[in-house]
Amino acid sequence: MSVRVRFAPSPTGLLHVGALRDALHKFLLARHSGGTNILRIEDTDRTRYNADSEKEFIETLHWAGIDFDEGPHIGGPHAPYRQSVRKEKGIYAEWIQVLLSKGFAYKAFDTPEELAAMREQQTANKVNTGYFGGIWRDATPSQVAEAEAAGKTYVIRQRIPRDTTIVVEDLIRGRIEWDSNTVDDPVLIKTDGMPTYHFAAMVDDHIMGITHIMRGEEWISSAPKHVCLFEAFGWDKPVFVHCPVIVGNDGKKLSKRHGATRVLDYKAQGYLPHALKNFIALIGWSPGDEREAMTEAELIEAFDLSGMQPSPGKFDIDKLKWINGIHIRGVSASELVSVVLQYVCDEYVREYWTNFVEESPMPGKAPIVGTDVLAKLDKIASADSAYVASILPMLQERVVTLADFGDGAEFFFDDLPSMDQKAVDKWFKQEHVRGLFSRLLADIGRVPCSVESYDALLKQYQVDLSLEKLGPIVHPVRVALTGKTAGPGLFELMAVLGPDRMKVRLERALELCV
RNA sequence: GCUCCGGUCGUCUAGCGGUUCAGGACAUCGCCCUCUCACGGCGGAGAUCGAGGGUUCGAAUCCCUUCCGGAGUACCA
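Per this note's numbering, the first sequence runs over residues 16 to 529.
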């Protein structure tokens, strides 16, 4: 039987990394096995539904390259894929009727106040809280008829069998058992007629032929209810896969104080979608061998549920940075420019940096201002594309995120880049430097503009000055040309800069040598 | 409180009764490469496998107990 899995978000907020991981697992499993990846919108909670949120989900998933074979946006054999629409079609009403008639569900007329009082009572007596029957589980038909006639509102609850053991076979954790007397009767249909997750998701999973119910481990305690539902209907049970969650450094659920949780913020910070996926896949899963950085195809090929870990994993930003660097280095020279340009021009990336301000990790140092980051990035976007194409590859192996290209490339675009004063103090005061600069100034016009010729030229200076090392030549020139002490290879950078740009900078440097 | 789940270097993990006084990766430290910074290469430090008992010739791996962490305990998902 072919694998069918579904990503079923409830559009109530931003798409964070935990949800992306959920979507990724299903995407990977479906693609690995040649199965079907389904998108289903679970919008049964009308009080929390948020249309912007749905837009956020679609945009994020699209960026991440996680696609679907069936869903509200593309249709499919089990349309509609939106639970609010399915409810209107009467799908849940039809199936709850089956349960009611078989005696696996019942109407309960308790008011919210009565339920609150019951819970209070249970807490005081230190017993399980929850609805284990109340007066309605075993009410007579005439009591129910009377309440209905009186116009009382009701919910429909699932009748969990008593005095038995409920077993959930979980693919990752194995057999999990519950004493059915510890499982309360969940609401299946709310007063407003909408189904709850417990009901809608299971009914849809069955109808849509879902083979693997993959979800976060926070669902484990509800799993016995779901198993009972399948048994009440007499349906074949899918495979339950309760995946470990991603937690913060303190072992608690990931939240804002652990850093960015919104997936789009990782996009804005300059992480490649595949790098994020590669990294997230590695939390709680391993291919079984020692591979870590993998291409998309390798990841799909390697993904297997047997490699899933039962324990929660922490989000280690350093490892994400490492893996992002690897994937940036893997971008071909022909694609690099468009990858960076697309990043710089992206609407959300710009919005993110425009509003970004963060205290510097070093006390006393200036805060990191997003608009500065953006300004540097914009220099790339507005420069001549051939020039940019010659610059970017030099930076490729020195960069961690796409945002770093802005800082790394800045000196190429400024006629007079800002100078690192400490570097000036260190190098420009040396005796040979003034002569070095004027000689270079004279030579750059007559020597070919190429890596080889500049290499030969500066090495000739070294010989002429009888210097033991190349450093005293290279370092001052680098500072004169770039304002910095670190960066791409000097000869390469000179060849890209060309004689005209170098001339202006060397003249300025000469003035600084006093 | 009750019910479940989890527990191998700081972090992500390999490990499925012996070939492991535990392998890889990130981070960290050192060396090499070298015009700098990176990249890359090599090496070091870092886990008595949460703890205590068993079972066994032999346990991180099986059993029991215990501790710690987490989740659920909604007419939210």
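Idealized CB from N, CA, C, for every residue including glycine.
Nearest candidate by alpha-carbon position, reference residue i, set the options
i: SER25; options: VAL18, VAL242, ALA38 and GLY50; result: ALA38
i: ASP319; options: GLN137, VAL346 and GLY49; result: GLY49
i: GLN411; options: GLN158, TYR402 and GLY423; result: GLY423
i: GLY145; options: VAL202, GLU161, LYS102 and LYS122; result: VAL202
i: ASP280; options: ILE171, VAL18, ARG21 and VAL32; result: VAL32
i: GLY91; options: ASP429, ASP430, GLU425 and MET223; result: MET223
i: THR497; options: VAL519, LYS205, ASP82 and LEU29; result: VAL519
i: LEU455; options: SER99, GLY502, ASP429 and ARG493; result: ARG493
i: GLU161; options: PHE124, GLU184, VAL415 and VAL489; result: PHE124
i: ALA108; options: ASP207, THR500, LEU76 and VAL198; result: ASP207
i: ARG174; options: SER116, MET209, THR126 and GLU128; result: SER116
i: ARG230; options: ARG134, ALA131, LEU186 and ASP60; result: LEU186
i: ASN196; options: SER326, GLU57, GLY28 and VAL142; result: VAL142
i: GLY340; options: CYS243, HIS289, ALA312 and ALA501; result: HIS289
i: ASP251; options: HIS213, THR226, TYR476 and TYR96; result: THR226
i: VAL278; options: THR500, LEU505, ASN140 and SER68; result: SER68
i: ASP387; options: VAL372, TYR169, PRO95 and ALA401; result: VAL372
i: SER236; options: VAL218, ALA215, VAL182 and MET209; result: VAL182
i: LEU335; options: ASP58, LYS292 and HIS47; result: LYS292
i: ALA66; options: THR310, GLY28 and ALA524; result: GLY28
i: PRO503; options: PRO408, LEU472 and PRO432; result: PRO408
i: MET309; options: SER326, TRP337, GLN284 and GLY328; result: TRP337
Buried/exposed call for residue i, threshold 16 Cβ in 10 Å
i: ASP419; result: buried
i: ARG63; result: exposed
i: ALA34; result: buried
i: ASP331; result: exposed
i: ARG306; result: exposed
i: LYS391; result: buried
i: MET517; result: buried
i: LEU287; result: buried
i: PRO382; result: exposed
i: ASP200; result: buried
i: ARG190; result: exposed
i: VAL403; result: buried
i: GLU366; result: exposed
i: PRO210; result: buried
i: ASP515; result: exposed
i: PRO259; result: buried
i: VAL478; result: exposed
i: MET323; result: buried
DSSP beta-bridge partners of residue i
i: GLN137; result: Partner(s): none; GLN137 has no beta bridge.
i: HIS227; result: VAL254
i: PRO210; result: ILE204
i: THR180; result: ASP194
i: THR51; result: ARG19
i: HIS273; result: Beta-bridge pairing links HIS273 to no other residue.
i: ARG97; result: ILE56
i: VAL372; result: VAL384
i: HIS31; result: ARG277
i: MET323; result: TRP300
i: TRP261; result: The amino acid occupying residue 261 in the given sequence is Ile; Trp does not appear at that position. Beta-bridge pairing links ILE261 to GLY328.
i: GLY189; result: ASP185
i: GLU85; result: ILE53
Start and end residues, alpha helix (DSSP H) containing residue i
i: PHE294; result: 288 to 296
i: ASP387; result: 385 to 397
i: TYR367; result: 362 to 369
i: TYR281; result: 278 to 284
i: SER312; result: Here the sequence assigns Ala to residue 312, which means Ser is not the residue at that position. 311 to 317 is the extent of the alpha helix (DSSP H) around ALA312.
i: ALA404; result: 400 to 410
i: THR75; result: 66 to 79
i: ILE106; result: 106 to 117
i: CYS243; result: 238 to 248
i: PHE506; result: 505 to 527
i: LYS437; result: 436 to 442
i: GLN158; result: 156 to 164
i: VAL478; result: 466 to 479
i: GLY423; result: 419 to 428
i: PHE147; result: From DSSP, PHE147 is part of no alpha helix (DSSP H); its letter is neither H nor E.
i: SER433; result: No alpha helix (DSSP H) contains SER433, which DSSP labels as neither H nor E.
Endpoints, the beta strand (DSSP E) within which residue i is located
i: LYS336; result: First-last for LYS336: 332 to 344, but that is the alpha helix (DSSP H), not the beta strand (DSSP E).
i: ILE171; result: 170 to 173
i: LYS122; result: 120 to 123
Beta-carbon separation (whole angstroms), residue i vs residue j, contact threshold 8 Å
i: VAL18; j: ILE53; result: In fact, because the Cβ distance is near 11 Å, the residues do not count as touching under 8 Å.
i: ASP333; j: VAL359; result: Going by Cβ atoms, the distance from ASP333 to VAL359 rounds to 25 Å, so no, they are not a contact pair.
i: PHE443; j: PRO487; result: With 8 Å as the limit, PHE443 and PRO487 do not qualify as a contact, their Cβ atoms being about 12 Å apart.
i: LYS545; j: VAL159; result: Since the first and last residues shown for the chain are 16 and 529, residue 545 lies out of range.
i: GLY421; j: ILE459; result: GLY421 to ILE459, Cβ: 27 Å. No contact.
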